[in-house]
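There are 2 protein chains.
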Amino acid sequence: MSSRAAWTDLLRRYAELRDLSSTAALLQWDQETMMPRRGAAARAQQLVTLAGLRHERFTDPRIGDLVLQCEATPGEFDDEERAQLREFASDWRRATKLPRELVEAFAAAESAALEAWRDARAKSDWQAFAPHLERLVGLSRRKCAVLGFGDRPYDGLLDDYERGATEAALERLFTDLKARLAPMVAAIIERRDRVDASCVKQRFDERGQEAFAARIVQAMGFDLDAGRIDRSSHPFCSGIAHGDVRLTRRFVEGDLRPALFGVIHEAGHGLYEQGLPERLARTPLGEACSLGVHESQSRLWENIVARSLPFWQAFTPVAAECFPTQLRGVSPEQLWRAVNQVERSLIRVEADELTYNLHIIVRFELERALVKGTLAVADVPAEWNEAMRQLLGVVPERDADGCLQDIHWSMGGLGYFPTYTLGNLYAAQLWETAGRELSGLEAGIARGELLPLREWLRAKVHVHGRRHTAGELIERATGAPPSAEPFLRLLKSKFGAIYGVDLTHCG
Amino acid sequence: MSSRAAWTDLLRRYAELRDLSSTAALLQWDQETMMPRRGAAARAQQLVTLAGLRHERFTDPRIGDLVLQCEATPGEFDDEERAQLREFASDWRRATKLPRELVEAFAAAESAALEAWRDARAKSDWQAFAPHLERLVGLSRRKCAVLGFGDRPYDGLLDDYERGATEAALERLFTDLKARLAPMVAAIIERRDRVDASCVKQRFDERGQEAFAARIVQAMGFDLDAGRIDRSSHPFCSGIAHGDVRLTRRFVEGDLRPALFGVIHEAGHGLYEQGLPERLARTPLGEACSLGVHESQSRLWENIVARSLPFWQAFTPVAAECFPTQLRGVSPEQLWRAVNQVERSLIRVEADELTYNLHIIVRFELERALVKGTLAVADVPAEWNEAMRQLLGVVPERDADGCLQDIHWSMGGLGYFPTYTLGNLYAAQLWETAGRELSGLEAGIARGELLPLREWLRAKVHVHGRRHTAGELIERATGAPPSAEPFLRLLKSKFGAIYGVDLTHCG
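Read top to bottom, the protein sequences are chains A and B.
Residues 113 to 619, numbered by the working numbering, are exactly what the first sequence covers, in order.
Residues 113 to 619, numbered by the working numbering, are exactly what the second sequence covers, in order.
Below you can see the structure in the form of structure tokens.
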């Protein structure tokens, strides 16, 4: 077989593997949105079967022969094909290290943990969830060991989400961020009376919230012919396949913000998935670059765009159309200030931009201790509360508002949280560059024109799929390697203005 | 390997195959209810991949070894296990005759045809659908040839839905039915002024229709913790897995009947799926006996129960609660008569019990001619219209109300239609027996008590899964082999009463 024939065979096999992943993604989406309660056991079995089968196909010895043959003749391939091969080979090498039994055990444990977490959170009962987390931590450690990360297991988990990220580098980043954010938070909290959020804390019915969010998502250019929006308890975005990207939303009646920024966040993810080019669909490059880059898209739209004054200049009239009674006479500036209220709060997904990364640091510290074995699952609630006290200055009264609030651990996503912070940093850096390259960007946003930004992100980020590493992608898009400085600059300028305080001395 | 070990391995493999079927069923359900328009191409690929993979796994030579080993030692197994083995072996022998390429071609052609049919029906454009049907007919003929039905291809198609049914036997049955139904229809149509359906031909809003249908489905004992009901253009029931059975409904504003009887029909299917015992889930017996038996469940609830006077004695007050304006002062008898209006009509799913089988005969004649090659796809509209004129006395003005009305052919379901008629016959036979065995059955229904009938069907039909053939099952349940007589008796008695005419001389 020629190398070209081997390559064609590889691509065909990859497409089949991708179909199995897409299928599993649909099963999971359905599990969260549509599945009847008593379908859980059968769904778990379906997911185990799919995971096992996909793994078996991926680790078929024939694929190894094909990969090695292609790798031996790099001259046969163009740049893009070499990038395709590099990603395929990397995924394949990782997969071959994992025994099928472990892959299936993970899939089974995740489905069980997800069910248990949902109940446990409703009842705020950590004990009910603990054995599931115990099992997932154990499986994660086994996985890291077989992947060759036995001595630094957390790096093995990070590798799944942000290739090349390390615990050590994150620790440095977080230590620095913590030190620089703390005085800013303190300075702002001292002036917390400068922001009045009462205009967004009224009763907003579900239909009106849905209509308002739909208007924004539409303005962002999310294509509802190639996607949909449903209700779920924990909002998420699932890029099931090309042409099929699904967002979910939640609903909180007494506050306009949680559901709204949740949908915009997920739509940011959704634009990335919809922006992956059709040409690369079902190929190794036809996926997002990394979770950090994915979060940069969601956080950019959620925070930098939708918590900006120009945005509220454009969308306050739309909000007032949806809620004529509640928002009568409320100005864009009032809404802008209200959605940027800084608080020592309990819930990550509702946290302001300033304190958000502190929530991430709480989770990072706990999960790496869990994986290292220096923290027992039973001790998580106490440790969580203590970390919240130290970093945020508040302590949850119920685990439902504390260590049970997030879905991630129940989905086996240890190592996922740090990507949110990386996303915040990438987002600010991309935004600064977009501002330089797109003249009148903010003036356009103030007129409700969000598509130029989407097009810029599409060209700089989406269209490349997985061709570059996160670091390369950011450097190519912005001219500089990833850095926390643009993010800190943005915070200082925005919160300095809103709270009327000079933050330039901070950080 | 011992025969017991071989058996355990076989069951494990069957469970995996079943998970893949369940997964495909979810993908198809989603395709009809939730999938965004632009997701169609990717969905088609996923379904092709799943079909091909399932086929490859099913025809793994190792399965052949295991089947033969188990078949060689029948003494090792109990009765139920032997039945499991028989069904597994039969499915396996059928699967091994089909090349993977044909299975995948079918899956691809079905997805494409389904999309095309939806558009073609909307535009009433047969030409747009014709090439897809052409392709499916060609693939069906190839399939029958490789399955060994080359000389009687239609039998090969029937074999998929109703094992053992033959074109010759159906032809005899249909000729007889036609001869006996014709004078009944003629006698009734002559007195068509005896029934006034105006009470069900008003505007009924979707919410009210949904609420009314939900009350009935609940009374039937359909478990919404193990299922759900959604909107789709063509109603169907998908038994995705144990604990996950999904119905769909449609909506017609100007007539209470189409959506209502559609939901009850699908709920009848749904009760069967929910009644398959958990013990048999993911085993070869854990499926419905045949499509004819499946239709017996849907048609029994739709027609024999829900078009009976006792049913309307119970549910007229519920209907009046849902539609207080429209149904003020309407009596159970008025509603009962209205839902039994006999008409020479165009649409099968809205046809009355008397003319329904004539609609089936139209389709049976056309599809067997298509498969035989004596009818060209291009000539279907003209032939359809002519057959309608002869059998029903009406001719559609648009193909959308004629040969494009049904989803079945677009799903590759040539050979499916006759199972509706078999279902009608089985249903009447089961109902007569239930009436003998359950004292006060109709009096209970008049009080809204539908669960005793569900329990009886569960014990007599559902609980057996695929253990018996359709003929055996009916005989075990009713004490007699399948016959058309109970069905004809039922029609004569009911329509004789409603239309005030003695039909005993007919048939």
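All C-beta atoms, glycine included, are put in the ideal place defined by N, C-alpha and C.
For residue i, three-class secondary structure by DSSP
| i | result |
| --- | --- |
| B/T185 | coil |
| B/D288 | helix |
| A/L359 | strand |
| B/S134 | helix |
| A/D511 | helix |
| B/I341 | strand |
| A/I352 | strand |
| B/K209 | helix |
| A/R303 | coil |
| A/A309 | coil |
| B/A499 | helix |
| A/E399 | coil |
| A/G524 | coil |
| B/G591 | coil |
| B/A596 | coil |
| A/P148 | coil |
| B/S420 | coil |
| B/F324 | helix |
| A/E274 | coil |
| B/A153 | helix |
| A/T69 | The shown model of chain A, from 113 to 619, leaves out residue 69 of chain A, and the question about it has no answer. |
| A/D369 | Asp is not the amino acid found at residue 369 of chain A; the sequence shown has Arg there. It is helical. |
| B/D172 | coil |
| B/G505 | coil |
Supposed close pair residue i, residue j - CB separation, criterion 8 Å
| i | j | result |
| --- | --- | --- |
| A/T171 | A/A207 | 6 Å |
| A/Q409 | A/A338 | About 16 Å separates the two Cβ atoms, so there is no contact after all. |
| A/L447 | A/C256 | Rounded, the Cβ-Cβ distance is 46 Å, inconsistent with contact. |
| B/T467 | B/V297 | 6 Å |
| B/R264 | B/E279 | 6 Å |
| A/L269 | A/S252 | 6 Å |
| A/F286 | A/G524 | With 8 Å as the limit, A/F286 and A/G524 do not qualify as a contact, their Cβ atoms being about 22 Å apart. |
| B/V307 | B/R125 | No, B/V307 and B/R125 are not in contact; Cβ-Cβ is about 55 Å, not under 8 Å. |
| B/P422 | B/I557 | 4 Å |
Cβ neighbour criterion (16 or more within 10 Å) applied to residue i
| i | result |
| --- | --- |
| B/G378 | Looking at the sequence provided, one finds Glu at residue 378 of chain B rather than Gly. Result: buried. |
| A/M113 | exposed |
| B/E498 | exposed |
| B/P530 | buried |
| A/V258 | exposed |
| A/P598 | buried |
| B/A431 | buried |
| B/F241 | buried |
| A/E318 | exposed |
| B/E213 | exposed |
| A/K74 | An answer regarding residue 74 of chain A cannot be provided, because it is not within the stretch 113 to 619 covered by chain A. |
| B/H354 | buried |
Residue i: CB within 7 Å of a non-hydrogen atom of the ligand SAH
| i | result |
| --- | --- |
| B/L388 | As for the ligand SAH, it is missing from this structure, which has no ligand bound. |
Interface partners of residue i on chain E, CB under 9 Å
| i | result |
| --- | --- |
| A/E213 | In summary, chain E is missing from the structure at hand, where the protein chains are A and B. |
- prompt: Should the stretch 450-458 of chain B be regarded as contacting the stretch 341-349 of chain B, the criterion being three or more beta carbon pairs within less than 8 Å?
  reply: As far as the Cβ criterion goes, the stretch 450-458 of chain B does not touch the stretch 341-349 of chain B, which means the pair count is below three.
query: Are there three or more Cβ pairs, one per stretch, closer than 8 Å when the stretch 272-284 of chain A is compared with the stretch 576-592 of chain A?
result: Result yes; three or more Cβ-Cβ pairs closer than 8 Å.
message: For the pair the stretch 537-553 of chain A and the stretch 608-617 of chain A, tell me if three or more CB-CB distances fall below 8 Å.
response: Three or more Cβ pairs closer than 8 Å define a contact, and the stretch 537-553 of chain A falls short of that threshold against the stretch 608-617 of chain A.
field: Segment contact flag, the stretch 326-339 of chain B with the stretch 370-387 of chain B, C-beta cutoff 8 Å, min 3 pairs
entry: The stretch 326-339 of chain B, when compared against the stretch 370-387 of chain B, does touch it at the 8 Å Cβ threshold.
- prompt: Does the stretch 115-123 of chain A touch the stretch 173-184 of chain A, meaning 3 or more C-beta pairs lie closer than 8 Å?
  reply: The stretch 173-184 of chain A, when compared against the stretch 115-123 of chain A, does touch it at the 8 Å Cβ threshold.
- request: Enumerate, from N- to C-terminal direction, the unbroken alpha helix (DSSP H) stretches of 4 or more residues contained entirely within the stretch 426-489 of chain B.
  value: Qualifying alpha helix (DSSP H) stretches, in chain order: 444-450 and 465-484.
message: Three or more C-beta pairs under 8 Å: does that hold for the stretch 398-416 of chain A against the stretch 528-542 of chain A?
response: Three or more Cβ pairs closer than 8 Å define a contact, and the stretch 398-416 of chain A meets that threshold against the stretch 528-542 of chain A.
query: Where are the beta strand (DSSP E) runs, 3 residues long or more, that stay fully inside the stretch 182-269 of chain A, in chain order?
result: If one requires a minimum length of 3 residues, no beta strand (DSSP E) run lies completely within the stretch 182-269 of chain A.
Complete runs of the alpha helix (DSSP H) confined to the stretch 530-574 of chain A [at least 4 residues]: Runs of the alpha helix (DSSP H) inside the stretch 530-574 of chain A: 530-549, 553-558 and 563-572.
query: Do three or more CB pairs link the stretch 124-137 of chain B to the stretch 153-172 of chain B at distances below 8 Å?
result: In this structure the stretch 124-137 of chain B lies against the stretch 153-172 of chain B, because at least three pairs of beta carbons, one per stretch, are closer than 8 Å.
message: Count Cβ pairs between the stretch 567-580 of chain A and the stretch 500-518 of chain A that sit closer than 8 Å; are there 3 or more?
response: With a cut-off of 8 Å, the stretch 500-518 of chain A and the stretch 567-580 of chain A do not count as touching, because too few Cβ pairs lie within range.
- prompt: Between the stretch 389-405 of chain B and the stretch 361-371 of chain B, do at least 3 Cβ pairs fall closer than 8 Å?
  reply: Taking 8 Å as the limit for Cβ pairs, the verdict is that the stretch 361-371 of chain B does not touch the stretch 389-405 of chain B.
message: With three or more beta-carbon pairs closer than 8 Å as the criterion, would you say the stretch 486-494 of chain B touches the stretch 428-443 of chain B?
response: Counting Cβ pairs under 8 Å, fewer than three are found: no touch.
Contact the stretch 189-209 of chain B vs the stretch 387-398 of chain B: 3+ CB pairs below 8 Å: Because the criterion of three Cβ pairs below 8 Å is met, the stretch 189-209 of chain B and the stretch 387-398 of chain B touch.
message: Using 8 Å as the cut-off, can you tell me whether the stretch 180-196 of chain A makes contact with the stretch 136-143 of chain A, which would need three or more C-beta pairs spanning the two stretches below that distance?
response: Using a C-beta cut-off of 8 Å, the stretch 180-196 of chain A makes no contact with the stretch 136-143 of chain A, since fewer than three inter-stretch Cβ pairs fall below that distance.
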